[in-house]
Amino acid sequence: MASAMISLASATPSASLSVQETLMGKTRLASGCVSTLFNKEKGKPSIKKKSFGQISMTVAVNVSRFEGIVMAPPDPILGVSEAFRADIDVKKLNLGVGAYRNEELQPYVLDVVKKAENLMLERGENKEYLSIEGLAAFNKATAELLFGADNPVIEQQRVATVQGLSGTGSLRLAAALIERYFPGAKVLISSPTWGNHKNIFNDARVPWSEYRYYDPKTVGLDFEGMISDIKAAPEGSFVLLHGCAHNRTGIDPTPEQWEKIADIIQEKNHIPFFDVAYQGFASGSLDADASSVRLFAARGMELLVAQSYSKNLGLYAERIGAINVVCSSADAAARVKSQLKRIARPMYSNPPVHGARIVANVVGDPALFDEWKAEMEMMAGRIKNVRQKLFDSLSAKDKSGKDWSFILKQIGMFSFTGLNKTQSDNMTNKWHVYMTKDGRISLAGLSLAKCEYLADAIMDSFHNVS
Amino acid sequence: MDSSSVFANIVRAPEDSILGVTVAYNKDSSPDKLNLGVGAYRTEEGKPLVLKVVRRAEQMLVNDNSRVKEYLPIVGLADFNKLSAKLIFGADSPAIQENRVTTVQCLSGTGSLRVGAEFLARHYHQLTIYIPNPTWGNHTKIFGLAGLSVKAYRYYDPATRGLDFQGLLEDLGAAPSGSIVLLHACAHNPTGVDPTIEQWEQIRQLMRSKGLLPFFDSAYQGFASGNLDADAGSVRMFVADGGECLAAQSYAKNMGLYGERVGALSIVCKTADVASRVESQLKLVIRPMYSNPPIHGASIVATILKDRDMYNEWTVELKAMADRIISMRQQLFDALSARGTPGDWSHIIKQIGMFTFTGLNSKQVAFMTKEYHIYMTSDGRISMAGLSSRTVPHLTEAIHAAVTRVG
């Protein structure tokens, strides 16, 4: 059998591993070629080899070309929701995926979104292809929202904005641009960061390394570690920064710390790369949440910013976002935009129109825009209230003197509780509280009514489980 | 001067050659201008069309207050996936009944092709794909960027303006065993030249004997002949022999959902177990690309496909679009014949689908654009969907002038 394996393998023209296979550590054995030897279905070998080594039709028909493909593990974040759905216990609580829930723990479609969709229907707009870079009105509105309409970078036309498929898609376009035009350049990502960041850079074949971020001792920012690691990276690296409401920890630098981060990035000629998924959602103020990005832009730095409207406009499933590249000149911005289009065209040709129109309508109409701001303050407000209630419940219950104030200091949808994997498992197995194994809970999925219960669960897991 | 920019070495990319035609058209101020570039359907009045049944479905969705905008699963809307598979493979397809098909929602045809290609580049053992010569301009880029090596097989015969069937058989016959082969399910883009049923059967036998893996691009189901089942015949023929294949589906044209980016990738596997493993790996391709697909267009499609009346309404509107295009073909052919334009123009009525490969060369095309404000791709492809009874005379004049005055 062994010799047959070898000769069949050599009969296959393409014997080299693809770059991606190498990256993911796959071996030849995982490929469909060698596995055609195993006819698992019929239980008998059906290999016929012609004298010059070609695989015969019999083998091709009886055995799958994909037989050697293994079952991929479930997505760690999205998998939490799947497990939650399968749980029949009435006390169950889903603090997994970061989608906003109202106090009744129901998904929430913003009123302004419904109004915009009705307006769009009334107008009877067509469904023609957008240009590759997306809806012009959306691109204009999104850049102005991020930088401020009167920002010099906008007035000087130095921002290349391309509509992307929410945050993920926008990050992916940027990653592809980096791979093509900054070969060998690394992206520095925080430790920890959103789980999908490294997948995006891996698939785009952009090398990455981590900078220290979360300090488990303080359940806060390891600022010295962060600065040190950014400083140690090769000059001209891209530094991925969360604009506000850091995902997974909820821990953001202070304004003073942001200044120092900008200093070191400038010193090392690094390129800042912001992921802005929560503008308006963190503090309730669109401008305040954009201050980190604007600080860097004000220094005249070139930078990249990926935006998402999934959370702040509740447009999760519409996949609407943008990649913005601030360049030192309008000419550079035009060139960069043209190359971003070249990346998007063979990926999906042009982006979806529906979500873009909703955003353009909401941001473009003063009345709707004001209404949006109010709804956003309400959502951010609810999360702040829940943080307060959770903190109060824990402080009241916990006589050990443990400081739970990090819950109030952290910002945005998520809180890094400091619970380890075993303790997180206890939260799920004993208390039916679904969360990610790194101790992250989504406060957007918590109601005031459930704070006491959650506090009990956290107390039990923290103090009685190691 | 830009030496301080980290983007100093980035040059300006040229406009996409197909979409760039519309960009140029928009800049032209002539009242006679005609856009026969991109393949988007136009009414007799030259206007984009949103199907009535689509509007109805959309109204239902927006009015439904129980609907939310939560993330779809990575593989997309489940109903949409099931219904799309049934549409292309047939509701009674054994492959579906045996759970051997995995279908994932993707961003229209392009997205489906890209996800399929990325999957093959990671998991398939033969990383060469054969594409017909000519083919849609974006195919090469999609497959190349996904990591596949792209080769061509003979397809269009300029001498007959039809299929170079012998060349096709020879080239596929010479392809290494296991190679991937891109097949246009119907209404070949850009030529409009499709194999006959008998020719499809020969292609199928050859491909199966060489273990070549079919990858169908189905962007015009229902649009080619006006009949959804007939237009899926080639795909169903391959599935019927029990073998494996990939199929990329687009709803851009047949449901007029262009900008909503709705499509699906189906992979027909030998067994249900393989299909489920394949699906899990498709998710790993999608998640770092865009996480999960957009909900709006897929919801419209699912709403229509699952309702008997709406489905029937759709088939009627679809047939009307296909019939208008067939009528344009006839009108253009008749006009050129009446004008006495030199050459055999019968290919206009023999070719199928949205496009006609006129046979005009790039100099003639440039002439038509400059002198007659006719916008089309430089390979001589015209979109019949962009023609109307009113504009046929102008196009006829332009072709006549190009053929008689430009070499």
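Protein sequence lines correspond, in order, to chains A and B. The numbering of the first sequence is the working numbering, which starts it at 1 and goes up by one. The numbering of the second sequence is the working numbering, which starts it at 1001 and goes up by one. Just so it is clear, CB atoms sit at the ideal spot from N, CA and C, and this is done for glycine as well.
What number of angstroms, rounded off, separates the C-alpha of A:Phe147 from the C-alpha of B:Leu1169?
58 Å
Suppose the cutoff is 7 Å on Cβ atoms and the five residues either side in sequence are ignored; what does the same chain contact list for B:Cys1106 look like?
Ser1112, Val1115, Gly1263, Ala1264, Leu1265, Pro1293
Using a Cβ cut-off of 7 Å, pull out every chain B residue sitting near A:Lys127, in sequence order please.
Val1050, Gly1256, Leu1257, Tyr1258, Gly1259, Glu1260
Which stretch, first to last residue, makes up the alpha helix (DSSP H) that contains B:Asp1334?
1308-1339
Neighbourhood of A:Ser349 by C-beta, 8 Å cutoff - its chain only, sequence neighbours within 5 removed
Tyr129, Ile132
Please state the DSSP three-state secondary structure of A:His242.
strand
On the three-state DSSP scale, how would you describe B:Leu1049?
Correct three-state label for B:Leu1049: coil.
Can you find the residues in the same chain that come closer than 7 Å, C-beta to C-beta, to B:Asp1309, ignoring five residues on each side of it along the sequence?
none
Measuring only between beta-carbons, confirm whether B:Cys1186 sits less than 8 Å from chain A.
It does not; no Cβ of chain A falls within 8 Å.
Beta-carbon separation (whole angstroms), A:Leu340 vs A:Ile323, contact threshold 8 Å:
The pair is a contact, with the Cβ atoms about 7 Å apart (cut-off 8 Å).
So, with DSSP's three-state summary, where would you put A:Asp263?
helix
Simplified DSSP assignment, three categories, for A:Ser405
coil
Quick one, which of B:Leu1183, B:Ala1078, B:Ser1093 has its alpha-carbon nearest B:Leu1246's?
B:Leu1183
Using C-beta distances below 6 Å, list every residue in its chain close to A:Met120, excluding the 5 sequence neighbours before and after it, in chain order.
Arg357
Check each residue of the segment 1192-1223 of chain B: if its Cβ is closer than 7 Å to any Cβ of chain A, include it; give the result in chain order.
Arg1208, Ser1209, Gly1211, Leu1213
Taking only beta-carbon positions, decide if B:Tyr1372 is within less than 8 Å of chain A.
No, B:Tyr1372 does not count as interfacial toward chain A.
Secondary structure of A:His354, DSSP reduced to three states:
helix
Hey, is B:Asp1002's beta-carbon within less than 8 Å of any beta-carbon in chain A?
Per-residue confidence for B:Asp1002 stands at a pLDDT of 47, beneath the threshold of 50, marking its modelled position as unreliable; the derived number appears in the next sentence. Answer yes: the Cβ-Cβ gap between B:Asp1002 and chain A drops below 8 Å somewhere.
Which runs of the beta strand (DSSP E) fall wholly inside the segment 1249-1301 of chain B and span at least 3 residues, in chain order?
1263-1268
Please list, in chain order, the chain A residues whose beta carbon lies closer than 8 Å to that of B:Lys1027.
Ordered by position in chain A, no residue passes the 8 Å Cβ test against B:Lys1027, which lies about 13 Å from the chain.
In whole angstroms, what is the alpha-carbon distance linking A:Ala245 and A:Asp252?
6 Å
On the CB-based measure, 16 or more other CB atoms within 10 Å of its CB, does A:Thr22 come out buried or exposed?
Because A:Thr22 sits at a pLDDT of 38, beneath the cut-off of 50, its placement in the model cannot be relied upon, and the following sentence gives the value as read from the coordinates. Under this definition A:Thr22 is an exposed residue.
Assign A:Ile47 to one of three DSSP states: helix, strand, or coil.
In this prediction, A:Ile47 scores a pLDDT of 39, lower than 50, which makes its location untrustworthy; the coordinate-derived value is nonetheless stated afterwards. Reduced to three states, the DSSP call for A:Ile47 is coil.
Taking any Cβ of chain B, which residues in the segment 325-338 of chain A have a Cβ under 7 Å from it, in chain order?
Cys327, Ser328, Ser329, Asp331, Ala332, Ala334, Arg335, Val336, Ser338
Does the segment 1186-1196 of chain B come into contact with the segment 1347-1357 of chain B, if we say contact requires no fewer than three beta-carbon pairs (one atom in each stretch) closer than 8 Å?
Touching, yes.
Neighbour-count burial assignment, B:Met1289, 16 or more Cβ in a 10 Å radius:
buried
Should B:Gln1249 be flagged as near chain A, meaning a C-beta pair shorter than 8 Å?
no
Chain D partners of A:Leu121, CB-CB under 7 Å?
No chain D appears in this structure, whose protein chains are A and B.
For B:Gln1097 and chain A, any beta-carbon pair shorter than 8 Å?
no
A:Phe416 beta carbon less than 8 Å from that of A:Arg382:
no
Start-to-end residues for the beta strand (DSSP E) that takes in A:Ser228
Segment 223-232 is the alpha helix (DSSP H) holding A:Ser228; no beta strand (DSSP E) there.
Specify the secondary structure class of A:Gln388 as computed by DSSP and reduced to three states.
helix
Euclidean distance between Cα positions of B:Ile1304 and B:Ser1250:
15 Å
Rounded separation between B:Lys1253 and A:Gly195 - CA only
Using only the alpha carbons, I get a separation of about 37 Å.
Starting from B:Asn1035, follow its DSSP beta bridges and name the residues at the other end.
B:Tyr1375.
Three-state class that DSSP yields for A:Gly79 in the structure shown:
helix
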